[in-house]
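Student: Structure provided below as structure tokens; questions to follow.
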Amino acid sequence: MASSRFVQQLGQALPKGVKLSVRHVACPPTPCEPIFSPPPGEGPEPTKCENHFLAVSIRPEEAPTDTDSDVELLILSIEVLVYTTRRLATVFVSKADSTGYLYLLNQPRAKSLTRTVFTVFLSSLLREYQRPGIRLVLSLFARAQSQYLFPGSIENVRKHVLDDRGLIKWWCRVFDPILRDFEPEKHTTNKSALKGEGPDHAEAVNTTATAYLIVPGLDQHETRALFPSTARLDPKDKPRWLNSHPLYQVCANPGAPPRCLVPRFPDDPKARFLDDLDEEIFGHATTSTRNKTPKCVRDIIDVTEASSQDHAATGRWPSVKSLEEFWEMMTFRQECSAGRLVGFIWMVVNPPGVLKSDGLDKVASARTGDLIGGSVNPGLESVESEPQTTLPIRSSTDRNGGTVFGNDERDDKALSQTEDTSAPKAKELITTETGHQISPFSQEKDLR
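Quick note: the sequence shown uses full-length UniProt numbering, first residue 1, plus one each step.
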């Protein structure tokens with residue numbers, strides 16, 4: 001599914017003289033489980049998922065001693081899942097990894113070639129999935145690990161794994177050039193002006209984009225230190241990076257219970273937290289257990305079950321009552337504590353006619369009474385990040401520990417409501433060659 005636009009952009013972005021073999025495999029859109037839980041009394045949102053896998057290899061002049069000198073060496077790969085509905089397209093970076101053989105290109109370390117490839121690829125996907133009047137989201141969580149897609153690659157002494165902070169900085173720098181391709185969204189900070197603007201204020205002409213970063217356990221100053229250095233130059237009324245989340249924008253109903261506002265992705269730390277919180281609503285004593293308890297204890301269980309049923313009817317957790325509390329509690333999760341950091345990064349693209357984040361935040365506040373801290377705060381002072389020239393290892397595996405190239409089908413009747421235009425149709429890979437010394441794309445067939 002490699003487009004000529006992607007080939008051209010990659011050729012222009014690569015340093016002169018660099019030769020890469022690039023293979024892009026894409027699966028057709030497949031019905032899948034929705035990433036958002038439906039509110040009580042509503043059915044699941046018909047959703048389709050499309051998988052993209054990019055593998056980049058080289059033919060080095062000086063191959064390692066334990067390899068054939070005429071064989072290609074994989075240097076990096078990235079897997080992206082694209083979820084589409086009638087109202088939203090979500091581009092989720094699922095896995096990314098390297099082998100450590102990039103040094104064989106003998107390129108200067110002033111600029112990360114891996115970051116360049118990932119930026120161009122993700123930018124190309126975003127352009128592919130842009131649709132009039134449909135909000136577009138680029139999302140990932142940065143979690144440092146030694147290896148993901150290439151088992152045993154950590155044994156290569158040339159492979160450099162970034163630490164938590166370095167990895168989050170690195171991915172922010174991957175996002176930033178894509179963000180700058182779109183116009184900034186003007187954030188209203190004057191309360192009276194926002195009140196007069198009203199919740200129906202939408203983007204009028206330009207397609208705008210804003211990036212968001214949350215690192216559970218870090219305060220605003222520490223989080224802003226992870227922003228790209230370019231964030232320091234952004235106007236105060238048009239910040240490009242916010243220490244906040246865009247979940248009120250990307251959900252179907254900003255006034256729905258918090259469990260309906262947080263998307264669930266494969267091997268996602270916040271998705272596991274959501275599952276644990278859902279036990280407060282749907283988990284209760286079984287009939288067999290209840291029949292074996294004394295009457296006085298059984299009466300207590302009956303009351304507990306009744307309370308649980310009440311929470312199930314409203315779809316609200318008894319312990320965590322807002323998104324702000326959700327992110328605060330994420331700090332104490334095992335994956336985000338004990339000195340480990342996980343960065344949740346989003347970039348939201350709003351086409352003309354789509355409600356701005358200011359208006360959506362106001363709608364959510366009016367319906368839920370939650371305070372949305374930092375979402376319209378333009379006072380962003382960032383610390384310039386240290387140059388990262390080494391390859392990070394980041395992303396997630398699926399819940400079964402392997403690479404996912406398809407999703408289980410859901411009820412055909414419900415999913416048939418999704419229009420065929422809900423996502424671009426997968427195309428066969430093309431074979432092409434550029435004048436920038438990128439070797440031809442391999443012809444691959446759909447994996448399904």
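Cβ coordinates follow ideal geometry from the N, Cα and C atoms, glycine included.
(1) In terms of alpha-carbon separation, which member of P254, V71, P184 and G343 lies closest to E61?
(2) Any idea if T314 is buried or exposed, counting beta-carbon neighbours within 10 angstroms, 16 or more meaning buried?
(3) Residues in the same chain with beta-carbon distance under 6 Å from Q220, minus the five sequence neighbours each way, listed in chain order, please.
(4) What is the residue span of the alpha helix (DSSP H) that V157 lies within?
(5) Taking the beta strand (DSSP E) that A142 falls in, what are its first and last residues?
(6) Are I345 and F150 close, meaning C-beta to C-beta below 9 Å?
(7) Among the residues of its own chain, which have a CB less than 8 Å from the CB of V120, if the five just before and after it don't count?
(8) Taking the beta strand (DSSP E) that S21 falls in, what are its first and last residues?
(9) Which first and last residues belong to the beta strand (DSSP E) in which L74 is found?
(10) What are the start and end residues of the alpha helix (DSSP H) that includes S123?
(11) Can you find the residues in the same chain that come closer than 8 Å, C-beta to C-beta, to L125, ignoring five residues on each side of it along the sequence?
(12) Straight-line CA distance for L355 to V205?
(13) Where do the N-terminal and C-terminal ends of the alpha helix (DSSP H) with L261 fall, by residue?
(14) From the DSSP secondary-structure annotation, give me the bridge partner or partners of V93.
(15) Could you tell me the boundaries of the alpha helix (DSSP H) in which I281 lies?
(16) What are the residues that DSSP puts in a beta bridge with M329?
(17) DSSP state of G100, grouped into three classes?
(18) Tell me the rounded alpha-carbon separation between D278 and W317.
(19) With three or more beta-carbon pairs closer than 8 Å as the criterion, would you say the segment 263-270 touches the segment 223-240?
(20) Helix, strand or coil: how does DSSP classify C251 here?
(21) Please go through the same chain and pick out, in chain order, the residues whose beta-carbon is closer than 6 Å to the beta-carbon of Q417, but skip the five residues on each side of it.
(22) Near D164, which residues of its chain fall below 7 Å by C-beta distance, leaving aside the five closest residues on each side in sequence?
(23) How would you label K111, buried or exposed, when you count the other beta carbons within 10 angstroms and need 16 or more for buried?
(24) What's the C-alpha gap between L179 and P40?
(25) Which stretch, first to last residue, makes up the alpha helix (DSSP H) that contains A13?
(26) Grouping DSSP H, G and I as helix and E and B as strand, with all else coil, what is G17?
(27) Since V348 contacts V250 with CB under 8 Å, what's their CB separation in whole angstroms?
Tutor: In short:
(1) V71
(2) exposed
(3) N243
(4) Counting along the chain, V157 sits inside no alpha helix (DSSP H), nor does DSSP assign it H or E at all.
(5) Where A142 is concerned, the enclosing beta strand (DSSP E) stretches over R135 to A142.
(6) no
(7) F6, Q9, L10 and A13
(8) L20 to A26
(9) Where L74 is concerned, the enclosing beta strand (DSSP E) stretches over L73 to T84.
(10) Counting along the chain, the alpha helix (DSSP H) containing S123 begins and ends at L113 to Y129.
(11) H52, V80, V82 and V91
(12) Distance between L355 and V205, taken at the CA atoms: about 12 Å.
(13) Taken as a continuous stretch (DSSP letters only), L261 belongs to no alpha helix (DSSP H), as it is neither H nor E.
(14) V80
(15) P269 to F282 is the span of the alpha helix (DSSP H), which, as asked, contains I281.
(16) None, per the DSSP bridge assignment.
(17) coil
(18) 7 Å
(19) no
(20) coil
(21) Reliability of the predicted coordinates at Q417 is poor, the pLDDT of 39 falling under 50, and no value is obtained from them.
(22) A144, R340 and L341
(23) exposed
(24) 36 Å
(25) S4 to A13
(26) coil
(27) Right, the Cβ-Cβ distance comes to about 7 Å (below 8 Å), so this counts as a contact.
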